[in-house]
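Numbering (our numbering), first residue to last: 24 to 181.
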């Protein structure tokens, strides 16, 4: 009981909880209160299988799934967490503070994202144009399309 309490008290944040214990994860800090959680489902017995995980950051906690043979990278910001719905997009944190973040996302084609946050008001912009985001529970869902260029800069602001 003592060891259990000490472990809970000294858990790192962010952290990932996986009831199946089949998901490997690591956290890469990228400045003050920002970074990336990289996850990989290590159960390769069934093609396309997803493992449920709980992710806790200092500002938001949420559930997501990690698909077998696909790396999932969650971008943690001081006011939320960005989760791509597939493994292609690569997200760079250009700058981040308590109320805004500028991200550069590299990809091709069309991709969907969820932004988990505890705040009720947030704006999404790309190249000075507003991005439409639908609120689903505590997350905002939005889509980006890439044409000629393979990167987009987006601004998230609370």
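Built from N, CA and C at the ideal position, the CB exists for glycine as well. Owing to the predicted nature of the structure, the values given are computational and were not obtained by experimental measurement.
{"Asked": "Opposing strand residues paired with residue 123 [DSSP bridges]", "Found": "180"}
{"Asked": "DSSP state of residue 112 mapped onto helix, strand, coil", "Found": "coil"}
{"Asked": "Environment of residue 172 [buried if 16+ CB atoms lie within 10 Å]", "Found": "exposed"}
{"Asked": "Buried versus exposed call for residue 37 [16 or more other C-beta atoms within 10 Å across all chains shown]", "Found": "buried"}
{"Asked": "Strand pairing of residue 72, partner residues [DSSP]", "Found": "For residue 72, which the question treats as bridged, DSSP gives no partner whatsoever."}
{"Asked": "Separation of residue 149 from residue 104, as counted between CA atoms", "Found": "18 Å"}
{"Asked": "Straight-line Cα distance separating residue 168 from residue 42", "Found": "35 Å"}
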